[in-house]
Amino acid sequence: MMAARNAAQRGKAKARRGSSELLTRSDIGGPTPWVIAVMTCLAMLGLAAALALGPAAGALSGQIAGRATIQIVEPDPLVRRDLVNAVRVQLRDAPYVQAVRVIPEAELTSMATQWLGDGVQETGLPLPALIDVDLIAGDDAGLQRLEQAMTPIAPAVRVIAHADWLGPVARLMSAIGWLAAGTALLLIAAAAAVAVLAARASLAAQRPTIDVLHLVGATDVQIARLFQRHTAHDSLWGALLGGLVAMGIVALIWFQGRGINSGLAAETGGFKYLALLLVPPLVVGVAMLTARLAVLRTLRHMP
């Protein structure tokens, strides 16, 4: 009796080992790892776009908040110079003004030449005088008070608020950043759905093996653990491959854009992109958990 019982137990253990090897065998050439790799790569790129656009939109909003440019359109250079001096005197002791800077004529000519060519200097085209004004932070009525102060000077004086021109750009950048972050989350969820579909397909294909495992005493939790190991193997390969490709693309784009000196690229530190390394483990963990829950639910409804 003891010999027969030991032989039966050895047979059960052998069957379990064989079934375990069968269920956990992963075919890297199959579609599941490659689909997860693509989704992981796209999710990381979406998160990278969100990490780049968020600080850029914040930096742009900070630069345009409380800033305005006074434009003086006057063809006579002497009259234009007198108007510039009048504006400076008017704003010298204004309590709502933090700083005033008159744009030099040489700088204006250089900027106009970049857009209009050398004809600006040859034709003597008159350029408007520009005065940058930084208002006191937190003074919501500062811009209105600035406009009221410029009204008596001359009708040729125009106050241009930077927020009116660049505010929609900052809001668009912020919206695109949130959209990219949401897309990254959806792609992680889609990768989990792919893992669930693959686990269910494997469950249906291995139905005879599962019946044998049930006959030798294996529980649903033990069988689900085998499928979870199978899913972990596939998703790990896919997440690693997609993560390496995404990090290579992000590193290339960051290297190409690090020389940009505009205000939009003020936050170009590469350390924040290390957060992208959290995406592959998150994809693997979510795929394993959802596949395990799906397999357990399906096993409970099996006859």
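Quick note: the sequence shown uses this note's numbering, first residue -7, plus one each step.
We treat Cβ as the ideally placed atom computed from N, Cα and C, and that holds for glycine.
Boundaries of the beta strand (DSSP E) around residue 62: 59 to 64. With a cutoff of 8 Å on beta-carbon distance, residue 287 and residue 186 are scored as not near each other.
Beta bridge pairing from DSSP links residue 127 with 89.
In the three-state reduction of the DSSP assignment, residue 245 falls in the helix class, which pools H, G and I.
Beta-carbon to beta-carbon, residue 223 and residue 279 are separated by about 6 Å, close enough to satisfy the 8 Å threshold. Excluding sequence positions up to five before and after residue 146, its CB lies within less than 6 Å of the CB of 75, all in the same chain and listed in chain order. Comparing C-alpha distances from residue 157 to each of 176, 52, 242, 227 shows the shortest one belongs to 52. Comparing C-alpha distances from residue 227 to each of 183, 194, 195 shows the shortest one belongs to 183. A contact is defined here as three or more CB-CB pairs under 8 Å, and the region 30 to 37 meets this definition with respect to the region 238 to 245. A Cβ-Cβ distance of about 6 Å is found for the pair residue 79 and residue 62, placing them in contact under the 8 Å criterion. Residue 153 sits in a strand when the DSSP states are folded into three classes. Closest option to residue 199, judged by alpha-carbon separation, among 188, 215, 209: 215. 8 Å or more divides the Cβ of residue 230 from the Cβ of residue 101.
Within the same chain, Cβ atoms closer than 6 Å to the Cβ of residue 176 are found at 35, 38, 39, the five residues on either side in sequence being excluded. The alpha carbon of residue 23 has as its nearest neighbour, out of 153, 218, 194, the alpha carbon of 194. In chain order, 43 place their CB closer than 6 Å to the CB of residue 264, counting only its own chain and leaving out the 5 sequence neighbours on each side.
Residue environment for residue 276: buried (at least 16 other C-beta atoms within 10 angstroms of its C-beta). At the C-beta level, residue 141 and residue 60 stay beyond 8 Å of one another. In the assembly as shown, residue 244 is an exposed residue. Its beta-carbon has fewer than 16 other beta-carbons within 10 Å. Secondary structure note for residue 282: its alpha helix (DSSP H) is the uninterrupted segment 271 to 292. A residue is called buried once 16 or more other Cβ atoms fall within 10 Å of its Cβ, and residue 138 is buried on that count. In the structure shown, the three-state DSSP call for residue 122 is strand.
In the DSSP assignment, the residues bridged to residue 94 are 123.
Within the same chain, Cβ atoms closer than 8 Å to the Cβ of residue 192 are found at 286, 287, 290, the five residues on either side in sequence being excluded.
Annotation: residue 165 to residue 180 spans about 23 Å, alpha carbon to alpha carbon.
In this structure, the CA atom of residue 81 is about 17 Å from the CA atom of residue 134. Note that the C-beta distance between residue 155 and residue 64 is not below 8 Å.
Residues 36, 37, 40, 265, 268 of the same chain have their beta carbon placed closer than 8 Å to that of residue 242, with the five preceding and five following residues left out of the count. Distance from the CA of residue 178 to the CA of residue 232, rounded to the nearest whole angstrom, comes to 19 Å.
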